[in-house]
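Asker: Dropping a structure here in structure tokens format, bear with me for questions.
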Amino acid sequence: AQKVTQAQTEISVVEKEDVTLDCVYETRDTTYYLFWYKQPPSGELVFLIRRNSFDEQNEISGRYSWNFQKSTSSFNFTITASQVVDSAVYFCALSEASNTGNQFYFGTGTSLTVIP
Amino acid sequence: DTGVSQNPRHKITKRGQNVTFRCDPISEHNRLYWYRQTLGQGPEFLTYFQNEAQLEKSRLLSDRFSAERPKGSFSTLEIQRTEQGDSAMYLCASSLLFRVAGDIEQFFGPGTRLTVL
Numbered sequence: 002a003q004k005v006t007q008a009q010t011e012i013s014v015v016e017k018e019d020v021t022l023d024c025v026y027e028t029r030d031t032t033y034y035l036f037w038y039k040q041p042p043s044g045e046l047v048f049l050i051r052r053n054s055f056d057e058q059n060e061i062s063g064r065y066s067w068n069f070q071k072s073t074s075s076f077n078f079t080i081t082a083s084q085v086v087d088s089a090v091y092f093c094a095l096s097e098a099s100n101t102g103n104q105f106y107f108g109t110g111t112s113l114t115v116i117p
Numbered sequence: 230d231t232g233v234s235q236n237p238r239h240k241i242t243k244r245g246q247n248v249t250f251r252c253d254p255i256s257e258h259n260r261l262y263w264y265r266q267t268l269g270q271g272p273e274f275l276t277y278f279q280n281e282a283q284l285e286k287s288r289l290l291s292d293r294f295s296a297e298r299p300k301g302s303f304s305t306l307e308i309q310r311t312e313q314g315d316s317a318m319y320l321c322a323s324s325l326l327f328r329v330a331g332d333i334e335q336f337f338g339p340g341t342r343l344t345v346l
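Protein sequences, first through last, are from chains Y and C.
Quick note on the working numbering: the first sequence kicks off at 2 and runs consecutively.
Quick note on the working numbering: the second sequence kicks off at 230 and runs consecutively.
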């Protein structure tokens with residue numbers, strides 16, 4: 002079974018619009034970690050945020066914000082006032098504490114295009 | 230040290246040939262991971278090392294694949310008798326094990342894009 006689901010394959014928005022990228026995860030662990038990465042056209046995955054399962058506080062970093070809800074197993078990512086430079090593929094990932102290697106399970110990604 | 234580096238960035242080979250990729254992690258990181266990413270998909274875990282020990286291998290890692298990390302520094306991933314299905318981006322990542330509890334971010338290299346003709 003897919004551990005991380007990103008149902009939105011592609012999203013297009015006009016510059017300055019807000020956009021939310023959805024992520025739903027599945028795990029039996031009580032301790033786990035959730036991540037968002039950005040993959041621009043150059044291909045390198047850029048770390049954006051980590052959230053621990055025991056910390057449900059939402060986080061804001063500049064134009065980025067994250068909404069973590071254990072009740073719905075979701076970890077959504079919102080970009081406010083989107084810019085062309087935000088165009089990339091965004092991946093949500095899960096790491097389970099029971100896995101000693103802390104390997105990541107990635108979703109299939111959401112391709113965001115910001116139109117100027 | 231500016232990050233994880235991978236070489237080569239691109240590799241084109243003919244089916245049946247052997248290829249080897251190299252990854253240089255962030256210098257103080259003791260964990261190193263290999264992932265494979267195909268078009269339109271997220272990265273999939275292949276294997277990881279803690280220092281020089283290879284501790285886990287995915288079922289995706291067939292017998293034609295071998296990885297090493299001598300002396301716990303750089304790592305190599307070799308694919309023998311390449312097949313067209315091996316065409317993908319091979320990503321390397323490194324992390325520092327539990328510097329702080331839960332501090333397990335993996336930092337990725339730019340990847341090696343393999344094309345098997």
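For every residue, glycine included, the Cβ atom is placed at its ideal position computed from N, Cα and C.
Quantities reported herein were computed from a predicted structural model and do not represent experimental measurements.
DSSP state of SER13 of chain Y, grouped into three classes?
Answerer: If DSSP states are grouped into helix, strand and coil, SER13 of chain Y belongs with the strands.
Asker: Please identify, using Cβ separations under 7 angstroms, the residues of the segment 85-109 of chain Y that lie next to chain C, in order along the chain.
Answerer: Listed by position, the residues of the segment 85-109 of chain Y near chain C (Cβ gap below 7 angstroms) are PHE92, SER96, GLY102, ASN103, GLN104, PHE105, PHE107, GLY108 and THR109.
Asker: Using a 10 Å radius around the Cβ and a threshold of 16 neighbouring Cβ atoms, would you call GLN84 of chain Y buried or exposed?
Answerer: Exposed, because fewer than 16 other Cβ atoms sit within 10 Å of the Cβ of GLN84 of chain Y.
Asker: Does the distance from the C-beta atom of ASP30 of chain Y to that of ALA98 of chain Y stay below 7 angstroms?
Answerer: Yes, the pair counts as a contact, with Cβ atoms nearer than the cut-off.
Asker: List the residues of chain C whose Cβ lies closer than 7 angstroms to the Cβ of PHE78 of chain Y, in chain order.
Answerer: Simply none; closest approach about 15 angstroms.
Asker: Taking beta-carbon pairs under 9 angstroms, can you tell me which members of the segment 234-268 of chain C lie near chain Y?
Answerer: Flagged, chain order: ARG238, ARG260, TYR262, TYR264 and GLN266.
Asker: Once you ignore the five residues that flank THR305 of chain C on each side, which residues in its own chain have a CB closer than 6 angstroms to its CB?
Answerer: Excluding sequence neighbours, THR305 of chain C sits near THR249, ARG251 and GLU297.
Asker: Among residues of its own chain, excluding the 5 on either side of PRO117 of chain Y, which ones have a beta-carbon nearer than 6 angstroms to its beta-carbon?
Answerer: Excluding residues within five positions, the ones whose Cβ falls inside 6 angstroms are GLU16 and VAL85.
Asker: In whole angstroms, what separates the C-alpha of ALA282 of chain C from that of ASP315 of chain C?
Answerer: Going by the C-alpha atoms only, they are around 25 angstroms apart.
Asker: Less than 7 angstroms between CB atoms is the rule here; does GLY340 of chain C satisfy it with respect to chain Y?
Answerer: Yes, its Cβ sits closer than 7 angstroms to a Cβ of chain Y.
Asker: Can you tell which of C:GLU307, C:THR242 and C:ALA322 has the C-alpha that lies nearest to the C-alpha of SER256 of chain C?
Answerer: Comparing Cα positions, the closest option is C:ALA322.
Asker: With a threshold of 7 angstroms between beta carbons, is GLU45 of chain Y in contact with chain C?
Answerer: Yes, contact with chain C.
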